[in-house]
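If you're matching them up, the sequences are chains A and B in order.
Sequential numbering from 1 applies to the first sequence in this note's numbering.
Sequential numbering from 279 applies to the second sequence in this note's numbering.
All C-beta atoms, glycine included, are put in the ideal place defined by N, C-alpha and C.
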Amino acid sequence: SSLFVYPTKIIIKTCGTTQLLKSILPLIHYANHLGLTLCSCRYTRGSFIFPNSQPFPHTSFNHEVTFLQDTIPSNLCHRKASIMPSKSSSHSWHVFTAHSSITHHNHSDSDSDVFTMEICMTELDLILARKFFRRPGDGKTGDSAGKEMTELTGINEINPNALICDFAFDPCGYSMNGMDNDWYSTIHVTPEDGFSYASFECVGSVNDNIVHVLRKVVQIFRPGTMSISTTCSGYNNEMLKKMVNAVEPLGLKCRSRAVDQFPAGETVVFQTFMARRR
Amino acid sequence: MAVSGFEGFEKRLELNFFGDDPIIFQLGLRKIDFESIQQVLEAVQCTVVSAVGNSYFDAYVLSE
Numbered sequence: 001s002s003l004f005v006y007p008t009k010i011i012i013k014t015c016g017t018t019q020l021l022k023s024i025l026p027l028i029h030y031a032n033h034l035g036l037t038l039c040s041c042r043y044t045r046g047s048f049i050f051p052n053s054q055p056f057p058h059t060s061f062n063h064e065v066t067f068l069q070d071t072i073p074s075n076l077c078h079r080k081a082s083i084m085p086s087k088s089s090s091h092s093w094h095v096f097t098a099h100s101s102i103t104h105h106n107h108s109d110s111d112s113d114v115f116t117m118e119i120c121m122t123e124l125d126l127i128l129a130r131k132f133f134r135r136p137g138d139g140k141t142g143d144s145a146g147k148e149m150t151e152l153t154g155i156n157e158i159n160p161n162a163l164i165c166d167f168a169f170d171p172c173g174y175s176m177n178g179m180d181n182d183w184y185s186t187i188h189v190t191p192e193d194g195f196s197y198a199s200f201e202c203v204g205s206v207n208d209n210i211v212h213v214l215r216k217v218v219q220i221f222r223p224g225t226m227s228i229s230t231t232c233s234g235y236n237n238e239m240l241k242k243m244v245n246a247v248e249p250l251g252l253k254c255r256s257r258a259v260d261q262f263p264a265g266e267t268v269v270f271q272t273f274m275a276r277r278r
Numbered sequence: 279m280a281v282s283g284f285e286g287f288e289k290r291l292e293l294n295f296f297g298d299d300p301i302i303f304q305l306g307l308r309k310i311d312f313e314s315i316q317q318v319l320e321a322v323q324c325t326v327v328s329a330v331g332n333s334y335f336d337a338y339v340l341s342e
């Protein structure tokens, strides 16, 4: 799980049975004390592997949306909730957004060529996933074991310019945050066979080398299934083509693509890929 | 699929704020002290395990 705090933006991403939406009210409270007012809220997630284990309000997307509607201030009046489908009923992308006005753009995401990419991967390659297990009695700290995993897996080669803060959990699991000037990236890995999962998220520009990034991510995890959700200010077909062209030569076939529009001109594209071997 | 196990799929929340005072934009939310951040995370049911910052933002690795 990760938290990013910018001067006017906060991003929290948590896994397991955390109750993420309960952070909204205290965050609004602390921000108000600093003279800041909430102007947009975006909540996203994939389909849980174990939905019945989630606590309220994460028991269903309906419950989450109701909780969001009741919690966020009324000035965020442009609201939309959507479940973006794939060909598999077990892989959907859940999105809720709310904006006060399209005029409040004091953060870098207002740039038209900037996008956020959220990748979810399951059925990780067994041998590669083993690299995210600690060796019993390795005598390392979470930080030093995390650093070793970062180098052993090639995660440090995704963006060689990034400052990486990494952590290895005991007995297994890995998280890292990357910082490259004002752009973040983050990886989280749950390597256990049967419910293995890894995520990669970054913010970037359509002019960046997205092909290199995607190829490295696929090579590090070799997932059986992968979804890529991109959020940006418009539909960029060239960028989507680049993504497919980066991933398909590595044995993943694009199976579905869903596009939806959200308030303040946001476009979300949700693509799913499956390994050809399956 | 396993009967039960650790839920890897994350929930992601992004909040954007604005203010009238341009000085706020220099640090803004980064002025929230660590104790307050821990209180927020307590509501979420996770904790900070590692942290780093640069001149643009602060990044925390969390438990769970």
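When burial is assigned at 16 or more other CB atoms within 10 Å of the CB, is residue i buried or exposed?
i                           : result
leucine 27 of chain A       : buried
tyrosine 235 of chain A     : exposed
glutamate 320 of chain B    : exposed
aspartate 109 of chain A    : Caution applies to aspartate 109 of chain A, whose pLDDT of 46 falls short of 50 and renders its modelled position unreliable; the value that the coordinates give is listed next. When all chains shown are included, aspartate 109 of chain A counts as buried.
threonine 153 of chain A    : buried
leucine 293 of chain B      : buried
aspartate 182 of chain A    : exposed
cysteine 202 of chain A     : buried
leucine 126 of chain A      : exposed
threonine 141 of chain A    : exposed
lysine 253 of chain A       : exposed
asparagine 177 of chain A   : buried
threonine 66 of chain A     : exposed
glycine 279 of chain A      : Given a span of 1 to 278 for chain A in the structure shown, any question on residue 279 of chain A remains unanswerable.
lysine 131 of chain A       : buried
leucine 128 of chain A      : buried
arginine 290 of chain B     : buried
aspartate 193 of chain A    : exposed
glycine 146 of chain A      : buried
valine 259 of chain A       : exposed
phenylalanine 56 of chain A : exposed
valine 211 of chain A       : exposed
If residue i sits next to residue j, beta carbons under 8 Å apart, how far is it from one beta carbon to the other, in whole angstroms?
i                         : j                            : result
valine 189 of chain A     : glycine 204 of chain A       : With 8 Å as the limit, valine 189 of chain A and glycine 204 of chain A do not qualify as a contact, their Cβ atoms being about 21 Å apart.
lysine 13 of chain A      : glutamate 288 of chain B     : 5 Å
serine 229 of chain A     : phenylalanine 270 of chain A : 5 Å
glycine 331 of chain B    : proline 7 of chain A         : Not confirmed; about 12 Å, so no contact.
threonine 325 of chain B  : serine 341 of chain B        : 5 Å
alanine 337 of chain B    : methionine 179 of chain A    : 6 Å
leucine 76 of chain A     : histidine 99 of chain A      : 6 Å
isoleucine 83 of chain A  : glycine 286 of chain B       : Actually they do not touch by this definition, with Cβ atoms about 20 Å apart.
cysteine 39 of chain A    : phenylalanine 284 of chain B : Not confirmed; about 35 Å, so no contact.
glycine 35 of chain A     : aspartate 299 of chain B     : 6 Å
arginine 255 of chain A   : threonine 267 of chain A     : With 8 Å as the limit, arginine 255 of chain A and threonine 267 of chain A do not qualify as a contact, their Cβ atoms being about 20 Å apart.
methionine 226 of chain A : isoleucine 119 of chain A    : 6 Å
Under a three-way DSSP split, which group does residue i fall into?
i                            : result
valine 318 of chain B        : helix
aspartate 70 of chain A      : helix
lysine 289 of chain B        : strand
leucine 250 of chain A       : helix
glutamine 261 of chain A     : strand
phenylalanine 133 of chain A : strand
isoleucine 127 of chain A    : helix
histidine 91 of chain A      : coil
asparagine 159 of chain A    : coil
glycine 306 of chain B       : helix
phenylalanine 50 of chain A  : coil
glutamate 313 of chain B     : helix
histidine 58 of chain A      : coil
glutamate 64 of chain A      : helix
cysteine 324 of chain B      : coil
I'd like to confirm the pairing. Which residues does DSSP put opposite residue i in its beta bridges?
i                           : result
serine 256 of chain A       : A:Thr272
phenylalanine 96 of chain A : A:Tyr43 and A:Ala81
serine 175 of chain A       : A:Phe167 and A:His188
alanine 337 of chain B      : A:Phe4 and B:Val330
valine 114 of chain A       : A:Ser205
asparagine 75 of chain A    : Its beta-bridge partners do not exist; DSSP assigns none.
asparagine 294 of chain B   : A:Lys9 and A:Ser40
glutamate 266 of chain A    : A:Phe262
methionine 226 of chain A   : A:Met121 and A:Phe273
aspartate 180 of chain A    : A:Trp183
Which residue marks the beginning of the beta strand (DSSP E) containing residue i, and which one marks its end?
i                      : result
serine 233 of chain A  : No beta strand (DSSP E) holds serine 233 of chain A; DSSP gives it neither H nor E.
alanine 198 of chain A : 197-205
lysine 13 of chain A   : 9-14
Between which two residues does the alpha helix (DSSP H) holding residue i run?
i                        : result
valine 279 of chain A    : The question about residue 279 of chain A has no answer, for chain A in this structure spans 1 to 278.
isoleucine 24 of chain A : 24-33
glutamate 151 of chain A : 142-153
Quick one: does the C-beta of residue i sit closer than 8 Å to a heavy atom of the ligand GTP?
i                        : result
threonine 230 of chain A : As for the ligand GTP, it is missing from this structure, which has no ligand bound.
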